Amino acid sequence: DTEVTQTPKHLVMGMTNKKSLKCEQHMGHRAMYWYKQKAKKPPELMFVYSYEKLSINESVPSRFSPECPNSSLLNLHLHALQPEDSALYLCASSQDGQGFVSGNTIYFGEGSWLTVV
Amino acid sequence: DQQVKQNSPSLSVQEGRISILNCDYTNSMFDYFLWYKKYPAEGPTFLISISSIKDKNEDGRFTVFLNKSAKHLSLHIVPSQPGDSAVYFCAASGYNTDKLIFGTGTRLQVFP
Numbered sequence: 001d002t003e004v005t006q007t008p009k010h011l012v013m014g015m016t017n018k019k020s021l022k023c024e025q026h027m028g029h030r031a032m033y034w035y036k037q038k039a040k041k042p043p044e045l046m047f048v049y050s051y052e053k054l055s056i057n058e059s060v061p062s063r064f065s066p067e068c069p070n071s072s073l074l075n076l077h078l079h080a081l082q083p084e085d086s087a088l089y090l091c092a093s094s095q096d097g098q099g100f101v102s103g104n105t106i107y108f109g110e111g112s113w114l115t116v117v
Numbered sequence: 001d002q003q004v005k006q007n008s009p010s011l012s013v014q015e016g017r018i019s020i021l022n023c024d025y026t027n028s029m030f031d032y033f034l035w036y037k038k039y040p041a042e043g044p045t046f047l048i049s050i051s052s053i054k055d056k057n058e059d060g061r062f063t064v065f066l067n068k069s070a071k072h073l074s075l076h077i078v079p080s081q082p083g084d085s086a087v088y089f090c091a092a093s094g095y096n097t098d099k100l101i102f103g104t105g106t107r108l109q110v111f112p
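These protein sequence lines map, in sequence, to chains A and B. Using my numbering, the letters of the first sequence correspond one by one to residues 1 to 117. Using my numbering, the letters of the second sequence correspond one by one to residues 1 to 112.
Right, dumping it as structure tokens:
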């Protein structure tokens, strides 16, 4: 089972709303990621959690707040977003936080389409 | 600064023929490379990877070639099938880092 599940699939929110994106995996992976993808652009890394600790934050604005409650769950809390934050938000996981040379692979969820109005 | 580049935004190939997707990178510290396939409204799906200590890796219809001196890799799909029509991203990573840098993607269309 190589499944990463994201909810909701679609979210429309106003600029003053607070919402959350959720991600779950049951592969026993210890690294989880949030990526953002705009139309016709490659996925861009936002955050990495390794063993439930934030290991990489790619200078993401504080209106995006990640949370890793346990090794299977990853949330992205959204507050006071801007219309330009509208994008596909991809969650991913990999076996551990030791890079990819040992044969690790990132497995992606289907993404959450976010529209900020 | 785009460290991983796919200079062909699109490619059209006839069914049964070979598809060759190219990727160039600028960072000599990258030592692991992956190819992902993405259908519309879905997340990227892992296809094949290669470590910098190799120059070729094969998995069924998919083969990835790495030319370190040219900082170039390519994905060969043979024979191409209509179901291969998707956007293909190459991605690169350095040693012992979880940071995966994606290329800009190539849209492959395989026609009958």
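Quick reminder that beta carbons are idealized off the backbone N, C-alpha and C, glycines included. Only a predicted model underlies this, so the values are computations on that prediction, with no experimental measurement involved.
Residue i Cβ short of 8 Å to the ligand ZN heavy atom set
i                     : result
residue 10 of chain A : Absent from the structure shown: the ligand ZN. Ligands present: none.
Given residue i as reference, the closest of the options once Cα atoms are compared
i                      : options                 : result
residue 58 of chain B  : B:76, B:70, B:88, B:20  : B:76
residue 5 of chain A   : A:41, A:29, A:113, A:92 : A:92
residue 98 of chain B  : A:37, A:116, A:31       : A:31
residue 89 of chain A  : A:28, A:114, A:62, A:14 : A:114
residue 108 of chain A : A:44, A:15, A:80, A:62  : A:44
residue 2 of chain B   : B:25, B:73, B:36, B:10  : B:25
Three-state secondary structure (DSSP) of residue i
i                      : result
residue 59 of chain B  : strand
residue 44 of chain A  : strand
residue 98 of chain B  : coil
residue 82 of chain B  : helix
residue 24 of chain A  : strand
residue 84 of chain A  : helix
residue 126 of chain A : Chain A is shown only over 1 to 117; residue 126 of chain A falls outside these bounds and no answer can be derived.
residue 39 of chain B  : coil
residue 13 of chain B  : strand
residue 104 of chain A : coil
residue 39 of chain A  : coil
residue 61 of chain A  : coil
residue 3 of chain B   : coil
residue 53 of chain B  : coil
residue 30 of chain A  : coil
residue 8 of chain B   : coil
residue 70 of chain B  : coil
CA-to-CA distance, residue j to residue i, given in whole angstroms
i                      : j                      : result
residue 8 of chain B   : residue 103 of chain B : 11 Å
residue 48 of chain B  : residue 26 of chain A  : 22 Å
residue 56 of chain A  : residue 11 of chain A  : 25 Å
residue 9 of chain A   : residue 81 of chain B  : 29 Å
residue 78 of chain B  : residue 66 of chain B  : 17 Å
residue 29 of chain B  : residue 4 of chain B   : 12 Å
residue 101 of chain B : residue 53 of chain A  : 21 Å
residue 93 of chain B  : residue 49 of chain A  : 17 Å
residue 86 of chain B  : residue 41 of chain A  : 14 Å
residue 15 of chain B  : residue 61 of chain B  : 13 Å
residue 84 of chain A  : residue 91 of chain B  : 25 Å
residue 77 of chain A  : residue 21 of chain B  : 37 Å
residue 31 of chain B  : residue 29 of chain A  : 22 Å
residue 18 of chain B  : residue 47 of chain A  : 37 Å
Expected contact under 8 Å - CB spacing of residue i and residue j to nearest Å
i                      : j                      : result
residue 75 of chain A  : residue 22 of chain A  : 6 Å
residue 110 of chain A : residue 105 of chain B : No, residue 110 of chain A and residue 105 of chain B are not in contact; Cβ-Cβ is about 17 Å, not under 8 Å.
residue 46 of chain B  : residue 105 of chain A : 5 Å
Contacting positions in the stretch 60-82 of chain B - beta carbon closer than 9 Å to chain A = none
Relative to chain A, which residues along the stretch 81-110 of chain B have a C-beta separation below 7 Å, given in chain order?
-> With the criterion set as a beta carbon lying under 7 Å from some beta carbon of chain A, the members of the stretch 81-110 of chain B are 89, 93, 95, 96, 97, 98, 99, 100, 102, 103, 104, 105, in sequence order.
In the stretch 6-33 of chain A, which residues sit with their C-beta less than 9 Å from some C-beta in chain B, listed in chain order?
-> 6, 9, 31, 33
Residues in the stretch 39-57 of chain A with C-beta within 8 Å of chain B's C-beta atoms, listed in sequence order?
-> Along the stretch 39-57 of chain A, the positions whose C-beta sits under 8 Å from a C-beta of chain B are 40, 41, 42, 43, 44, 45, 48, 50, 55, 56, read in chain order.
In chain order, what residues of the stretch 45-58 of chain B put their CB closer than 8 Å to some CB of chain A?
-> Residues of the stretch 45-58 of chain B with a C-beta atom less than 8 Å from some C-beta of chain A are 45, 46, 49, 51, listed in chain order.
Listed in chain order, which residues of the stretch 16-31 of chain B have Cβ atoms closer than 7 Å to some Cβ of chain A?
-> 31
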